[in-house]
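Residue numbers 0 to 107, in numbering that gives the first Met the number 0, belong to the letters of the sequence shown in order.
Ideal Cβ placement from N, Cα and C applies to all residues, glycine included.
Computed from a predicted structure; not experimentally measured.
Below is one structure; the comments refer to it alone.
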Amino acid sequence: MSDVLDDLAQVGALLQQLGAGTAARKLERAAKELRTLRSTPAGDVVLARQMRDAAAKLCEDRAGYFASAPGNRDWTDAERSYRATAKEVRCLPLPRVLGDIKPEASAA
């Protein structure tokens, strides 16, 4: 994992040299977040929570898109389906990792 993070840092430095400052900063920030998450015992739970929340957000965004055409029955059905899926995704249990670490304990 540290090799990947070192590679990310090198790519970020190269992007900075090429004048892509914004992309370099985003890459450096992502590498720093990964380094921080992987150094904590509950890092895997945090990553799982972020992935779960991102999937639910995507479903909610799609539901909002379909809600933009009120009165269109097919779109209304699609909106309901996406909203239901988002709700289901948000209720998915987070995996327990590293023994008895519980997701609730990682929120602290």
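Query: Could one say the Cβ of Lys56 lies closer than 8 Å to chain D's Cβ atoms, at least one of them?; Result: No chain D is present in this structure, which holds just one protein chain.
Query: Exposed or buried, Tyr81, counting other C-beta atoms within 10 Å across all chains shown (16 or more means buried)?; Result: buried
Query: Output needed for Ala66: all residues of its chain with C-beta closer than 7 Å, excluding positions within five of it in sequence on either side, in chain order.; Result: Glu78
Query: Assign Gly70 to one of three DSSP states: helix, strand, or coil.; Result: coil
Query: Excluding the 5 residues flanking Ala106 on each side, which residues of the same chain have their C-beta closer than 6 Å to its C-beta?; Result: Only weak support exists for where Ala106 lies, its pLDDT of 47 falling under 50; the coordinates are left without a value.
Query: Whose CA, out of Gly63, Gly70, Asp76, Lys56, lies closest to the CA of Glu87?; Result: Lys56
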